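Residue numbers (this note's numbering): 3 to 382.
This is the structure:
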């Protein structure tokens, strides 16, 4: 830039006055990628806005840059040129975070962009939640349904929905709820099915398990049930109610055999591996939310038996990672994933200048010999 030479991206010094953003969602919609981020910082003020930022970019096969080169982001901005909120939805106080962002057909068969939202009082306290629809004319989300708190697990936080067959699968990492893949069904909790191994009438606190003939937890999809997730399995493991080999969502470290508790991530079908693959960050690892793991399974519901660490950070967090399937190359052998690189929860006293509280993208070669042990175990 100082030499006046060409740069790979249009705005190498930053776009829309943005200097930091939290947790990304990228969704192909209307022949481009719609990007959404949470809390967004600006240059002129220590704080920015807290009601979701939005930008668009071209898909790589439609004139966009290859992901290893960069992404030309076209932000929605206010009159001052700063990123503007797209999910304010009449809220005066408290952030709004969106997740479960997906494209579904409406009653006319036309694709629409819909999401789950959470209105927060603080990082840990939620005021209310519901569903919202993106208006392509105003380029903003509008509420379409309020939801009771007891239905929160049907629309998991930070989930990246995956369409498979005629269903939409959701989970913080591993799918734990699913809906018929239409707008009408997604907005009707009565159509949801929960992934559970509990006998009817039992609870996470006092579980009665369904088990297979070989004594592992027997999961199935059920309506009018509460989803079981990896936090529940971790609880049962620590309470001595299950053993590691009985779990479905606690993959074991391929090197040590110890179960891994994952926090957030995404699952996608990979044509190169011919497996469902997971990229997720570990909870309570050697760094706080900074250890990223890879796992794979033959079914979208697992079981997820083994995992291998693929990224480590030294006293730095890399939370809410997501694999962007639309960037896959070489029939899925090369994949790209990104997460929020921040010192916020790490205890690091020396944040990385110009990178802290931003998105960092990694490239992973699924043909690497370093993944061979895990891939061989997955066949056993």
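Don't be surprised by glycine CBs; every beta carbon is placed ideally from N, CA and C. Everything numeric in this text was worked out from a predicted model, so none of it was measured.
Q: Could you check what DSSP says for residue 239 in three-state terms: helix, strand or coil?
A: Secondary structure at residue 239: helix, using DSSP grouped into helix, strand and coil.
Q. Anyone know if the C-beta pair for residue 132 and residue 110 falls short of 8 Å?
A. Not closer than 8 Å, so no.
Q. Out of curiosity, what's the CA-to-CA distance linking residue 22 and residue 99?
A. Distance between the alpha carbons of residue 22 and residue 99 is about 16 Å.
Q) Within 10 angstroms of its Cβ, does residue 296 collect 16 or more other Cβ (buried), or is it exposed? A) With 16 or more other Cβ atoms within 10 Å, it is buried.
(Q) DSSP has residue 179 in a bridge; who is on the other side? (A) Paired residue(s): 172, 196.
Q: Quick one: give me the first and last residue of the alpha helix (DSSP H) that residue 379 is part of.
A: Its alpha helix (DSSP H) spans residues 374–379.
Q: Using a threshold of 8 Å, state whether the C-beta atoms of residue 341 and residue 321 are closer than that.
A: Judged by beta-carbon spacing, residue 321 lies within the 8 Å limit of residue 341, meaning their Cβ atoms are closer than that value.
(Q) For the ligand SAM, is there any heavy atom lying closer than 7 Å to the beta carbon of residue 116? (A) With respect to the ligand SAM, the structure offers nothing, as it holds no ligand at all.
Q.
Quick test of the definition: if touching needs 3 or more C-beta pairs under 8 Å, does the segment 289–304 touch the segment 248–256?
A. A contact exists between the segment 289–304 and the segment 248–256.
Q) Looking only at its own chain, which residues have a Cβ that is under 7 Å from the Cβ of residue 145, when we skip the five neighbours before and after it? A) Here the set comprises 91, 132, 134.
Q: Quickly, what does DSSP pair residue 367 with across the bridge? List them, please.
A: Per DSSP, 336.
Q. Could you give the C-beta distance for residue 88 and residue 185, rounded to a whole number, given that I count them as a contact under 8 Å?
A. Between residue 88 and residue 185, the beta carbon gap of about 19 Å keeps them out of contact (Cβ cut-off 8 Å).
Q) What span of residues does the beta strand (DSSP E) with residue 101 cover, start to end? A) For residue 101, the enclosing beta strand (DSSP E) covers residues 98–107.
(Q) Runs of 3 residues minimum, wholly inside the segment 281–364: which ones carry the beta strand (DSSP E) assignment? (A) The segment 281–364 contains these whole beta strand (DSSP E) runs: 294–299, 308–313, 319–325, 336–344.
Q. Which partner residues of residue 130 appear in the DSSP bridge assignment?
A. As a beta-bridge residue in DSSP terms, residue 130 pairs with 121.
Q. Quick one: what's got a C-beta closer than 6 Å to residue 40's C-beta in the same chain, skipping five residues either side?
A. Counting only Cβ-Cβ distances below 6 Å, and skipping sequence neighbours, we find 24, 25, 99.
Q: Starting from residue 77, follow its DSSP beta bridges and name the residues at the other end.
A: Per DSSP, 57.
Q | Reference residue 235; option with closest CA among 180, 176, 159, 273 | A | It is 176 whose Cα lies nearest to the Cα of residue 235.
Q) In angstroms, rounded to a whole number, what distance separates the CA positions of residue 264 and residue 78? A) Rounded to the nearest angstrom, the two C-alpha atoms are 33 Å apart.
**Q.** Whole beta strand (DSSP E) elements within the segment 234–278, 3-residue minimum
**A.** Segments of the beta strand (DSSP E) lying fully in the segment 234–278: 264–272.
Q | Boundaries of the beta strand (DSSP E) in which residue 143 is found, first to last residue | A | Taken as a continuous stretch (DSSP letters only), the beta strand (DSSP E) holding residue 143 covers 142–149.
Q) Which word fits residue 241, buried or exposed, when buried means at least 16 other C-beta atoms lie within 10 angstroms of its C-beta? A) Residue environment analysis places residue 241 among the exposed positions, since fewer than 16 neighbouring C-beta atoms fall within 10 angstroms of its C-beta.
Q | Cβ-Cβ distance between residue 292 and residue 315 below 8 Å | A | Yes, these two residues count as a Cβ contact at 8 Å.
Q.
Would you say residue 132 lies against chain C (beta-carbon separation less than 8 Å)?
A. You won't find chain C in this structure, because it holds only one protein chain.
(Q) Do residue 18 and residue 84 have their beta-carbon atoms positioned less than 8 Å apart in this structure? (A) Closer than 8 Å, so yes.
Q | Under the three-state DSSP convention, the category residue 186 falls into | A | Residue 186 falls in the helix class under three-state DSSP.
**Q.** Coil, strand or helix - residue 160 by DSSP
**A.** Collapsing the DSSP output to three states places residue 160 in coil.
Q: Go ahead and label residue 152 buried or exposed: buried means 16 or more other beta carbons lie within 10 angstroms of its beta carbon, across all protein chains shown.
A: Residue environment: residue 152 is assigned as exposed (fewer than 16 neighbouring CB atoms within 10 Å of its CB, all protein chains considered).
Q) Using the rule of at least 16 other Cβ atoms within 10 Å of the residue's Cβ for burial, across every protein chain shown, is residue 8 buried or exposed? A) By the neighbour-count rule (16 or more Cβ atoms within 10 Å), residue 8 is not buried but exposed.
Q | With 16 other Cβ atoms within 10 Å as the buried cut-off, status of residue 170 | A | Buried.
Q: Counting only runs of 3+ residues fully inside the segment 5–69, write out the beta strand (DSSP E) ranges in chain order.
A: With a minimum length of 3 residues, the continuous beta strand (DSSP E) runs that stay inside the segment 5–69 are 20–23, 26–31, 34–39, 42–44, 55–59.
Q.
Rounded to the nearest angstrom, what separates residue 121 and residue 159 at their Cα positions?
A. CA-CA distance, residue 121 to residue 159, rounds to 12 Å.
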